[in-house]
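Residue numbers (UniProt numbering): 1 to 416.
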DNA sequence: CGTCCACAGGAACATGTGGCTT
DNA sequence: AAGCCACATGTTCCTGTGGACG
C-alpha cells in the first residue's frame with residue numbers, strides 16, 4: 001500500500017537472504033520414510049518383517065505380524081518401508097497388492113477404522129462403491145469394504161499403528177477372520193499391528209492372539225552409536241560445515257538417555273539449528289544443543305496445552321492457581337481443584353459451563369495421560385476416604401498460566 | 001469392631017450433531 | 001421427510017474401598 005516505504009530496501013535483503021543454517025530441513029522430519037540406505041541399525045528387523053509378508057508378493061496369505069517397541073525405535077518406519085517395497089515388487093510381478101496405514105491415535109473406534117481403510121483402498125470409478133464419511137451402520141461399512149477388497153486386490157496389507165489406543169479389538173477379530181468367515185472370496189488380508197506396550201497382548205482375545213502371535217518382533221531402542229549414525233545420515237539437512245563436531249554426538253547422548261528415541265534425537269538437532277539461526281550464529285554449537293533440549297520439553301508442553309479445549313484449560317488453570325497460592329505444596333486433591341474450578345468457571349466472563357466433579361476428574365485423568373499433569377494416589381488423607389487422587393503440574397505454574405492466558409477468553413482472568 | 005465418610009471410576013442413560021437411505 | 005446410525009460429551013446413580021472415629 002505505502003509505496004516508497006524506506007524499509008522496503010532492507011526487507012528486500014531479508015526476503016532474498018538465504019538460510020545460513022539449514023539446507024534441507026525436511027530431512028529432520030521423523031515421518032519421512034528414507035530410502036533404504038538411510039535406515040540405520042534395523043537390518044534384521046527389516047528382514048523379519050519382510051519374511052512375514054513375503055507370501056503376499058505372489059498373492060498368497062501374508063502372516064500376521066505384531067511389532068513391539070518404544071517410541072522412536074523405527075517401528076512405523078520399517079513397516080511402511082517394507083510394505084511399500086513389497087507393493088512395488090508385487091506390482092511388477094502382476095500381483096495386485098493393497099496397502100493401508102491407520103494411526104490408531106487418530107482413529108480409535110472400530111467403525112472409523114473400517115471407514116478409513118475402505119476410503120484408503122477404494123477406487124470409486126472402478127468399484128462403483130462409495131464410502132461416505134459417516135452415516136451408515138458399521139455392518140454396511142464392512143460389507144462395502146470387503147467388496148472393495150475382492151474387486152481390486154489379490155492381497156491387502158493393513159498396518160495398524162499404536163494399536164493399543166483402539167477402543168476395542170473387534171476390528172482385529174474381523175480382519176483376521178475375514179477369509180474363514182467367508183466375507184472375502186479371493187482377497188487375502190495381512191495385518192501388521194504396532195504397539196509400544198507389551199502388555200497390550202493381555203487385552204486380546206485368545207483367538208486373535210493366536211493369529212497375531214504368529215510372528216512377533218520386538219524392536220530394541222537405538223543405542224547412542226546408532227542414534228549418531230542416524231543423525232550423520234541426515235546431516236545434509238544442514239549447510240556444509242555448519243554443525244560443529246560435538247553437536248551430533250551430544251544430541252545422540254541426550255536422546256540415548258531418554259530410551260533411545262530417534263524422534264527425540266532429531267527434534268533436539270532441529271531445535272539446536274533453529275536456536276543458532278535465531279541468534280544469527282553461523283555455527284551450531286554444543287550450547288545450542290543443551291538449550292535445545294530444554295526448549296524441546298517446554299515447547300512440547302506449551303503446544304500440547306495450547307491445543308486443549310477450554311474446559312481442560314479451566315481445570316488445569318485451577319490447579320495452577322492452587323499451586324501458586326500454596327507454594328509449600330505441589331499436589332492437590334480432586335476436591336480442592338474442583339472448588340477452585342467452580343470459582344473460575346462460575347465467576348468470570350469465561351462463558352463456559354461448570355461441569356460436574358465426576359466429569360472434571362475425567363478431564364484431569366486425560367491430562368495425566370498426555371503428560372500435562374502428574375498424578376499420585378494417596379490413602380486415608382485428611383478426613384476419611386479410601387483412595388484419593390492428587391494431581392500436580394509438570395511445569396512451572398507461571399509457564400502454565402502464561403500459556404493459558406494466550407487464550408483470549410482467559411486473558412481477562414489475570415487481574416483477579 | 002462396626003459404622004460412616006467421601007472419593008474413584010464403571011455403567012446406564014440423555015442429548016445434540018452430522019449425515020446416509022429410502 | 002422420516003428413520004437410522006455412530007459418537008462425543010455430560011449427567012446421575014452406584015459399588016467398592018479403607019482409614020477415622022466412636
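Note that beta-carbon positions come from the ideal geometry of N, C-alpha and C, so glycine has one too.
For residue i, which of helix, strand or coil comes out of DSSP?
i: residue 373; result: strand
i: residue 273; result: helix
i: residue 387; result: strand
i: residue 133; result: coil
i: residue 16; result: helix
i: residue 352; result: coil
i: residue 161; result: strand
i: residue 24; result: coil
i: residue 71; result: coil
i: residue 171; result: helix
i: residue 243; result: strand
i: residue 153; result: coil
i: residue 378; result: strand
i: residue 107; result: coil
i: residue 35; result: coil
i: residue 11; result: helix
i: residue 393; result: strand
i: residue 166; result: coil
i: residue 121; result: helix
i: residue 184; result: coil
i: residue 268; result: helix
Just curious, the alpha helix (DSSP H) that residue i is in, first and last residue?
i: residue 314; result: 310-325
i: residue 53; result: 43-53
i: residue 83; result: 75-92
i: residue 345; result: 334-346
i: residue 259; result: Counting along the chain, residue 259 falls outside any alpha helix (DSSP H), and DSSP gives it neither H nor E.
i: residue 299; result: 286-306
i: residue 198; result: Residue 198 -> no alpha helix (DSSP H), and no H or E assigned at all.
i: residue 409; result: 408-411
i: residue 402; result: 397-405
i: residue 124; result: 124-127
Among residues of its own chain, excluding the 5 on either side of residue i, which ones have a beta-carbon nearer than 6 angstroms to its beta-carbon?
i: residue 85; result: none
i: residue 246; result: 286
i: residue 151; result: 127
i: residue 66; result: 193, 212, 216
i: residue 237; result: 24, 25, 27, 28
i: residue 259; result: 70, 221
i: residue 291; result: 275
i: residue 200; result: 164
i: residue 272; result: 284, 288, 289, 292
i: residue 346; result: 354
If you follow the beta strand (DSSP E) that residue i is part of, which residue opens it and which one closes it?
i: residue 194; result: 188-195
i: residue 100; result: 97-103
Leaving out five residues before and five after residue i in sequence, what residues of the same chain have Cβ atoms less than 7 angstroms from its Cβ?
i: residue 205; result: 169, 173
i: residue 367; result: 312, 316, 373
i: residue 130; result: 124
i: residue 122; result: 129, 131, 148
i: residue 142; result: 114, 174
i: residue 355; result: 311
i: residue 338; result: 357, 360
Identify, in the order they occur along the chain, each residue of the same chain with its Cβ nearer than 8 angstroms to the Cβ of residue i, setting aside the five sequence neighbours on each side.
i: residue 186; result: 150, 154
i: residue 2; result: Summary for residue 2: the model assigns pLDDT 47, below 50, so the residue's position carries little reliability; its value from the coordinates is reported in the next sentence. Result list for residue 2: empty, nothing under 8 angstroms.
i: residue 434; result: For the chain, the structure presents residues 1 to 416; residue 434 sits outside this window and is missing.
i: residue 340; result: 318, 319, 321, 322
i: residue 406; result: 306
i: residue 404; result: 305, 313, 316, 317, 320, 410
i: residue 73; result: 219, 220, 221, 222, 260, 261, 262
i: residue 4; result: Model confidence at residue 4 stands at a pLDDT of 49, short of 50, so the residue's coordinates are unreliable; what they give is reported in the following sentence. Closer than 8 angstroms at the Cβ level, and outside the excluded window around residue 4, lies no residue.
Is residue i a contact residue of the ligand SAM, with contact defined as CB to any heavy atom under 7 angstroms?
i: residue 278; result: With respect to the ligand SAM, the structure shown offers nothing to examine, as it has no ligands at all.
Ranges of the beta strand (DSSP E) found wholly within the region 206-235, counting only runs of at least 3: 215-219
Segment contact flag, the region 41-52 with the region 91-106, C-beta cutoff 8 angstroms, min 3 pairs: no
Three CB pairs or more closer than 8 angstroms across the region 298-306 and the region 343-363: no
Check whether the region 154-164 touches the region 10-17, taking contact to mean three or more Cβ pairs, one atom from each stretch, closer than 8 angstroms. no
For the structure I just gave you, are there three or more beta carbon pairs, one from the region 226-242 and one from the region 31-47, closer than 8 angstroms? yes
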